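S.K.: In our numbering, the protein residues as written are -4 to 254.
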Ligand code: 3PY
Ligand code: MG
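Below you can see the structure in the form of structure tokens.
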């Protein structure tokens, strides 16, 4: 899925499904998840022990397979952001954005001048190798997505000004960090998350941005969140998807072998 199609999907009110990619090491993971109906992946450098060079293989594999590769950097450092974006990722899911100033800084770090300060590499691989560098940088600036994660009470209080920040395309709730930080660890079905979803959806929609979320597993939470306006959905992560499938098979064969 191109960034344009991703934006169009959200603008039309459709959901866009993705997965955190933290443990996978194959450039084919994007193609595999696309075949399962997912639209985007998030290369998780906040939590993955993977070496960043894998980001290039996985992101480019995803792009060629038609699934949108986004990256979550471990920091807001422009150098880390540049390494991810100039090697294949076509957007950022930025953890722990607390203020509009944070949001403005990461939005600028993700775009080439005049829209930002991303350093220009010798070539950009995202759109194949037939474009001039000037054309590729212009196309990148149009395509790149910068999504601010709201995952603390401070960020929630600042959600409106973060959403209003030029260059921020969407807000994305990190439900786990938000709940742990608010003193309600794991309470995905409770009022703290429900209130956060309502506030983030309202802030995003007031500024023409989209809203997303990752963390919860419960069907009732997702039904309510979608009804409230959440459209960009992190379904799970590659490890939990694998483990659920493996558990299901183990139970199936235990039943099949029972007399
Ligand atoms: C969180 O739930 O804190 C997240 O970062 C989701 O990926
Ligand atoms: Mg988080």
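Using N, Cα and C, we set each Cβ at its ideal position, and we do this for glycine too.
Predicted model only: the values in this text are computed from it and were never measured.
Given residue 223, which residues of its chain have a CB within under 7 Å of its CB, disregarding the five upstream and five downstream residues?
M.R.: Position 228 of the chain shown, counted from the first residue, corresponds to residue 223. Counting only Cβ-Cβ distances below 7 Å, and skipping sequence neighbours, we find 192, 193 and 196.
S.K.: Considering just the uninterrupted stretch of the alpha helix (DSSP H) at residue 88, what are its terminal residues?
M.R.: Taking the first residue of the chain shown as 1, we reach residue 88 at position 93. Looking at the DSSP string, residue 88 is not in any alpha helix (DSSP H); the run it does join, the beta strand (DSSP E), is 86 to 89.
S.K.: By DSSP, does residue 73 sit in helix, in strand, or in coil?
M.R.: Within the chain shown, numbered from 1, the residue matching residue 73 stands at position 78. If DSSP states are grouped into helix, strand and coil, residue 73 belongs with the helices.
S.K.: Let me make sure I understand the geometry here. Which of 198, 134, 23 and 181 has the alpha-carbon closest to that of residue 160?
M.R.: For the purposes of this step, residue 160 is identified with residue 165 of the chain shown, where counting begins at 1. When only C-alpha atoms are compared, the closest one is 198.
S.K.: Looking only at its chain, what residues have a beta carbon closer than 6 Å to the beta carbon of residue 211, apart from the 5 residues adjacent to it on each side?
M.R.: Locating residue 211 in the chain shown gives position 216, where the first residue counts as 1. These residues qualify, in order along the chain: 170 and 183.
S.K.: Going by DSSP in three states, residue 64 sits in which element: helix, strand or coil?
M.R.: By one-based count along the chain shown, residue 64 stands at place 69. Here residue 64 sits in strand by DSSP.
S.K.: I need the boundaries of the beta strand (DSSP E) containing residue 171, first residue and last residue.
M.R.: For the purposes of this step, residue 171 is taken as residue 176 along the chain shown, with counting starting at 1. It is not in any beta strand (DSSP E) - residue 171 instead sits in the alpha helix (DSSP H) that spans 170 to 176.
S.K.: DSSP state of residue 192, grouped into three classes?
M.R.: Counting from 1 along the chain shown, the entry for residue 192 is found at position 197. The answer is helix: DSSP assigns residue 192 an H, G or I state.
S.K.: Quick one: measure Cβ to Cβ for residue 187 and residue 143, integer angstroms, because I've assumed they're closer than 8 Å.
M.R.: As a working note, residue 187 is residue 192 in the chain shown. As a working note, residue 143 is residue 148 in the chain shown. No, residue 187 and residue 143 are not in contact; Cβ-Cβ is about 19 Å, not under 8 Å.
S.K.: Give the secondary structure of residue 163 by DSSP, where H, G and I count as helix, E and B as strand, and everything else as coil.
M.R.: As a position in the chain shown, residue 163 is number 168, starting the count at 1. In this structure, residue 163 counts as coil in the three-state DSSP scheme.
S.K.: Is it the case that the segment 23 to 31 contacts the segment 90 to 101, given that we only count it when at least three CB pairs across the two stretches are under 8 Å?
M.R.: No contact exists between the segment 90 to 101 and the segment 23 to 31.
S.K.: Between which two residues does the alpha helix (DSSP H) holding residue 33 run?
M.R.: In the chain shown, counting from the first residue as 1, residue 33 sits at position 38. It is not in any alpha helix (DSSP H) - residue 33 carries neither H nor E in the DSSP assignment.
S.K.: Am I right that residue 84 and residue 126 are in contact with their C-beta atoms under 8 Å? What's the rounded C-beta distance?
M.R.: Counting from 1 along the chain shown, the entry for residue 84 is found at position 89. Counting from 1 along the chain shown, the entry for residue 126 is found at position 131. The pair is not a contact, with the Cβ atoms about 18 Å apart (cut-off 8 Å).
S.K.: State the start and end residues of the unbroken beta strand (DSSP E) segment that holds residue 231.
M.R.: To locate residue 231, count along the chain shown from 1; it is residue 236. Here the beta strand (DSSP E) through residue 231 covers 227 to 232.
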